[in-house]
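2 protein chains.
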Amino acid sequence: MTVKCTRFIIKYMVKYNDELLNDVFHVLSDPTRREIIRRLADGEMTVMSLAEPFEMSLPAISKHLKVLETAGVVSKRKEGTFRYYNVNPDVVDRAKEWLIDLSKFWPEQLINLEHFLDQNTKNR
Amino acid sequence: MTVKCTRFIIKYMVKYNDELLNDVFHVLSDPTRREIIRRLADGEMTVMSLAEPFEMSLPAISKHLKVLETAGVVSKRKEGTFRYYNVNPDVVDRAKEWLIDLSKFWPEQLINLEHFLDQNTKNR
DNA sequence: TAGTTAATTAACCATTTTGTTAAATATGAT
DNA sequence: ATCATATTTAACAAAATGGTTAATTAACTA
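If you're matching them up, the sequences are chains A and B in order.
Note that this note's numbering gives residue 78 to position 78 of the first sequence, counting from 1, and the numbers run on in steps of one.
Note that this note's numbering gives residue 95 to position 95 of the second sequence, counting from 1, and the numbers run on in steps of one.
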């Protein structure tokens with residue numbers, strides 16, 4: 001089977017898994033992009049309707065969508081002049097899995113809360 | 001109870017929860033910082049021992065630790081000339097919770113995998 | 001006191017990020 | 001062909017990021 005490459009494929013079929021995490025976490029560090037992802041979880045949307053609740057310009061949203069697409073977090077489907085964006089849950093879930101795996105190694109929360117309070121009462 | 005303020009408290013007691021997520025996800029977008037967090041999950045460490053496996057300079061590590069500390073992801077404890085860094089699991093877990101909450105609204109994975117393949121075979 | 005060690009800060013630099021406005025592209029409708 | 005609509009690209013600017021080396025601070029040690 002031949003697969004026409006998107007940015008996503010080009011970037012991640014070849015390289016380390018690390019970079020996918022870099023990009024997905026970077027995607028998630030912006031509140032606009034988090035909101036876009038949240039809304040796409042309800043189903044595909046056009047750029048215009050995605051942009052509607054935000055105060056920024058359309059090109060700004062377009063750029064965010066490119067960041068999301070490059071990270072593999074969304075993909076798009078053409079229909080006339082419209083682009084319908086979809087989220088790719090499996091890609092976002094890599095970040096979730098990383099965090100879940102990490103938390104398996106947490107020491108008990110209570111001890112750490114203690115530590116934290118110590119930090120914020122005694123020391124600089 | 002009076003609490004002497006750290007960067008963390010100053011920043012987040014007052015402001016939106018959104019900013020905590022911005023910062024925690026930003027922290028996680030860097031592989032050096034992810035590795036630091038991973039290693040701190042095994043217990044506290046000094047800057048020197050944290051820096052040891054990395055190829056970058058000590059000040060670079062110091063900066064990463066400040067980013068981590070400002071985001072509330074780690075805190076430190078003084079002992080002589082040493083600073084022992086600890087991870088604050090509860091703060092990292094906010095990111096995990098956000099992703100877990102999000103994934104409750106995912107449509108079924110299969111349908112989205114289909115979508116994804118469509119994207120990468122038919123369209124530009 | 002002088003020296004050593006651990007860590008941070010300062011000053012700097014290249015690159016990336018995130019927004020802007022204006023122009024370009026592409027599709028559908030008249 | 002022309003026009004309107006949806007979206008992207010270009011060109012630009014300010015700020016943030018992530019690294020460097022050199023200098024500074026702080027605590028212990030001889």
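Where is the CB? At the ideal position from N, CA and C, for every residue including glycine.
Since the structure is predicted, the reported quantities are computational estimates derived from the model, not experimental observations.
Report the rounded CA-to-CA distance for arginine 83 (chain A) versus tryptophan 98 (chain B), giving the unit in angstroms.
-> Near 27 Å, if we compare the C-alpha coordinates of tryptophan 98 (chain B) and arginine 83 (chain A).
Serine 49 (chain A) - containing alpha helix (DSSP H), residue span | In the DSSP assignment, serine 49 (chain A) falls within the unbroken alpha helix (DSSP H) covering 47 to 51.
Exposure label - lysine 76 (chain B); buried when at least 16 CB within 10 Å | The residue in question, lysine 76 (chain B), is buried, as its Cβ has 16 or more Cβ neighbours within 10 Å.
CB valine 91 (chain B) to CB valine 24 (chain B), shorter than 8 Å?
-> Cβ atoms of valine 91 (chain B) and valine 24 (chain B): closer than 8 Å.
Whether alanine 41 (chain A) touches valine 87 (chain A) by CB criterion (8 Å) | One thing to note: alanine 41 (chain A) has its Cβ within 8 Å of the Cβ of valine 87 (chain A).
Distance CB(tryptophan 106 (chain A))-CB(proline 53 (chain B)) smaller than 8 Å | In this structure, proline 53 (chain B) does not lie closer than 8 Å to tryptophan 106 (chain A) by Cβ.
Could you tell me which of A:Gly72, A:Glu79, A:Tyr85 sits nearest to isoleucine 61 (chain A), measuring between CA atoms?
-> It is A:Tyr85.
C-beta contact flag for leucine 68 (chain B) and arginine 34 (chain B) at 8 Å | Not a contact, by the Cβ cut-off of 8 Å.
To the nearest whole angstrom, what separates the beta carbons of proline 31 (chain B) and aspartate 101 (chain A), a pair I think is in contact under 8 Å?
-> Wrong, their Cβ atoms sit about 15 Å apart, outside the cutoff.
Check whether the Cβ of leucine 20 (chain A) lies closer than 8 Å to any Cβ atom in chain B.
-> Under the 8 Å criterion on CB atoms, leucine 20 (chain A) is classed as non-interfacial with respect to chain B.
Taking only beta-carbon atoms, is isoleucine 36 (chain B) less than 8 Å away from chain A?
-> Among the CB atoms of chain A, none fall inside 8 Å of the CB of isoleucine 36 (chain B).
Starting from the beta carbon of histidine 64 (chain B), find every residue of chain A whose beta carbon is closer than 7 Å, and list them in chain order.
-> None at all; the shortest Cβ gap to chain A is about 14 Å.
Which residue's Cα is closest to the Cα of lysine 66 (chain B): B:Glu55, B:Ile37, B:Lys96?
-> It is B:Ile37 whose Cα lies nearest to the Cα of lysine 66 (chain B).
Which residues share a DSSP beta bridge with glutamate 79 (chain A)?
-> For glutamate 79 (chain A), the pairing in a beta bridge is given by DSSP as A:Phe82.
What did DSSP end up calling valine 74 (chain A) once you bin it into helix, strand or coil?
-> If DSSP states are grouped into helix, strand and coil, valine 74 (chain A) belongs with the strands.
Are lysine 96 (chain A) and serine 57 (chain B) touching if we call contact CB-CB under 8 Å?
-> The answer is no: Cβ separation not under 8 Å.
Could you tell me whether any Cβ in chain A is nearer than 8 Å to the Cβ of leucine 102 (chain B)?
-> Closer than 8 Å to some Cβ of chain A, the Cβ of leucine 102 (chain B) qualifies, so yes.
If you follow the alpha helix (DSSP H) that tryptophan 98 (chain B) is part of, which residue opens it and which one closes it?
-> It spans 89 to 103 - the alpha helix (DSSP H) in which tryptophan 98 (chain B) sits, taken as one unbroken run.
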